[in-house]
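Taken in order, the sequence shown gives residues 1 to 126; the numbers are from UniProt numbering.
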Amino acid sequence: MYLYEVYYNPNAKVHQVILSRHGFSIKAAIFSFLWAGYHGMWYILISGILINSIIIFGIDNPIMLTLGQITLVTISIFFGIFASDILTFHLNIKGYQLYDIVYANSKIDGEYKFYKKLLRKYTKQN
Numbered sequence: 001m002y003l004y005e006v007y008y009n010p011n012a013k014v015h016q017v018i019l020s021r022h023g024f025s026i027k028a029a030i031f032s033f034l035w036a037g038y039h040g041m042w043y044i045l046i047s048g049i050l051i052n053s054i055i056i057f058g059i060d061n062p063i064m065l066t067l068g069q070i071t072l073v074t075i076s077i078f079f080g081i082f083a084s085d086i087l088t089f090h091l092n093i094k095g096y097q098l099y100d101i102v103y104a105n106s107k108i109d110g111e112y113k114f115y116k117k118l119l120r121k122y123t124k125q126n
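The following block contains the structure:
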């Protein structure tokens with residue numbers, strides 16, 4: 001079971017919620033800068049493109065190539081470990097707020113449990 005944090009934007013519709021899974025993210029580790037672009041963190045994507053460009057065009061000798069590869073592996077590991085924290089920080093900047101915490105086997109199961117809990121809460125009030 002995984003821990004998911006449910007974020008919502010109070011200025012948006014209720015169905016616009018985002019689940020953020022805690023723990024190591026293999027997707028963020030492999031596709032670090034593309035993962036950031038997928039989640040709308042364009043400043044990280046652009047900085048990643050700049051870092052990769054500097055490394056690719058700065059390959060004049062084997063030492064620079066090795067340092068560049070070490071840098072990219074380090075960035076990938078960093079993204080894998082801190083992906084949920086980076087996403088949480090980005091969502092807070094965009095105005096999202098933490099609404100609930102859900103334990104589930106998958107993201108779909110987490111959304112189901114969240115909406116089931118939300119429906120139960122609103123049917124008890126009425």
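Cβ coordinates follow ideal geometry from the N, Cα and C atoms, glycine included.
All of these numbers come straight from a predicted model, not from anything done at the bench.
Roughly how many whole angstroms lie between the Cα atoms of residue i and residue j?
i	j	result
A36	I108	21 Å
M64	I44	23 Å
N105	Y2	6 Å
Y8	R120	18 Å
I30	G80	8 Å
Q97	W42	21 Å
K94	L118	23 Å
If you compare alpha carbons, which of the options is closest to residue i?
i	options	result
N52	L67, P62, M41 and Y38	L67
A83	I54, G95 and A28	A28
S25	I86, F114 and Y99	I86
F89	G40, T71, N61 and I59	G40
Y4	Y99, Y122, K124 and K116	Y99
V17	Y115, I46 and Y122	Y115
From which residue to which residue does the alpha helix (DSSP H) around residue i run?
i	result
A28	I26 to I30
Q97	No alpha helix (DSSP H) contains Q97, which is instead part of the beta strand (DSSP E) from Q97 to A104.
M1	It is not in any alpha helix (DSSP H) - M1 carries neither H nor E in the DSSP assignment.
I56	W42 to F57
H90	P62 to I93
What span of residues does the beta strand (DSSP E) with residue i cover, start to end?
i	result
I18	V17 to R21
Would you please state the rounded distance, in angstroms, between the beta carbons of residue i and residue j? I believe it to be under 8 Å.
i	j	result
L19	E111	6 Å
V102	V6	6 Å
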